[in-house]
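Chain order of the listed sequences is A and B.
In this note's numbering, each number is its position in the first sequence, counted from 1, plus 56.
In this note's numbering, each number is its position in the second sequence, counted from 1, plus 9.
One structure is given below, encoded as structure tokens.
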Amino acid sequence: QQQVKQSPQSLIVQKGGISIINCAYENTAFDYFPWYQQFPGKGPALLIAIRPDVSEKKEGRFTISFNKSAKQFSLHIMDSQPGDSATYFCAAKDDKIIFGKGTRLHILP
Amino acid sequence: NAGVTQTPKFQVLKTGQSMTLQCAQDMNHEYMSWYRQDPGMGLRLIHYSVGAGITDQGEVPNGYNVSRSTTEDFPLRLLSAAPSQTSVYFCASSYGRLGNTIYFGEGSWLTVV
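See below:
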């Protein structure tokens with residue numbers, strides 16, 4: 057059973073547009089929700105993260121929105137740039153970290 | 010400060026062979042884990058450890074063994090490799106059981122023929 061469901065699998069956005077990736081979870085014991093960014097041939101790297109007592113967190117062009125009652129959270133990338141083209145993973149943590157299946161984002165120049 | 014170091018980077022195995030993927034971290038992290046990454050499947054947790062001498066199974070543990078004799082090292086063993094174990098393997102670590110930022114190694118590309 058998939059503990060963290062991520063959508064869409066792939067996403068194409070025009071430069072300057074908003075990229076939105078969504079995740080949903082079932083386990084209410086999860087207490088930390090990070091997003092990771094991965095470039096080809098590299099390991100994932102932490103992008104931004106949120107705790108369930110906060111509804112939104114913003115760092116530069118990246119924003120996480122968190123809906124505890126719906127058990128959903130999303131990543132918004134404002135003013136998307138070609139350098140943002142990568143695979144993005146949402147994740148959730150209790151005593152271990154479980155990842156979603158990833159979203160391949162391509163920003164058109 | 011090397012971070013998380015994985016070896017080898019690339020490996021080709023024959024079905025039935027055994028091998029060990031090495032992982033070492035120099036950040037004194039208590040939590041270490043192994044993931045495999047396959048197309049369309051994301052990152053799936055194989056095994057993890059919350060400290061020296063303690064290991065536990067993740068989502069896809071079958072066919073893999075781990076041990077944690079020191080804080081720094083967390084090797085992943087394939088006892089009898091199968092083509093289904095062809096994948097990219099990532100080792101990761103974080104500080105403490107409640108550690109948040111997880112640091113990944115560069116990955117090990119394994120092909121089983």
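Virtual Cβ for every residue (Gly too), placed ideally from N, Cα, C.
All figures in this text were calculated on a predicted structure; none of them were measured in a lab.
Listed in chain order, the beta strand (DSSP E) elements of length 3 or more contained wholly in the stretch 13–96 of chain B are 13–16, 19–22, 28–34, 40–47, 51–60, 63–66, 73–75, 85–87.
Excluding sequence positions up to five before and after residue 20 of chain B, its CB lies within less than 6 Å of the CB of 119, all in the same chain and listed in chain order. In the three-state reduction of the DSSP assignment, residue 64 of chain A falls in the coil class, being assigned neither a helical nor a strand state. A distance of 8 Å or more separates the beta carbons of residue 140 of chain A and residue 106 of chain A.
Contact of residue 63 of chain B with chain A is not assigned, every C-beta pair being separated by 8 Å or more. With a cut-off of 8 Å on Cβ pairs, the stretch 84–97 of chain A is in contact with the stretch 146–165 of chain A, counting three or more such pairs.
In the DSSP assignment, residue 120 of chain A falls within the unbroken beta strand (DSSP E) covering 118–123. CA-to-CA, the gap between residue 18 of chain B and residue 152 of chain A works out to about 25 Å. Straight-line spacing of the CA atoms in residue 121 of chain B and residue 16 of chain B works out to 17 Å.
Inter-segment contact for the stretch 24–39 of chain B and the stretch 82–90 of chain B is present: three or more beta-carbon pairs are separated by less than 8 Å. Look at the stretch 70–128 of chain A and you find these whole runs of beta strand (DSSP E), each 3 residues long or longer: 75–81, 89–94, 101–106, 112–115, 118–123. For residue 149 of chain A, the enclosing beta strand (DSSP E) starts and ends at 142–149.
With 16 or more other Cβ atoms inside 10 Å of its own Cβ, residue 99 of chain A counts as buried. Residue-level contact check: residue 110 of chain B touches chain A, since one or more beta carbons of chain A fall below 8 Å from its beta carbon. If the five residues before and after residue 74 of chain B are omitted, its C-beta is found closer than 6 Å to the C-beta atoms of 86, all from its own chain and listed in chain order.
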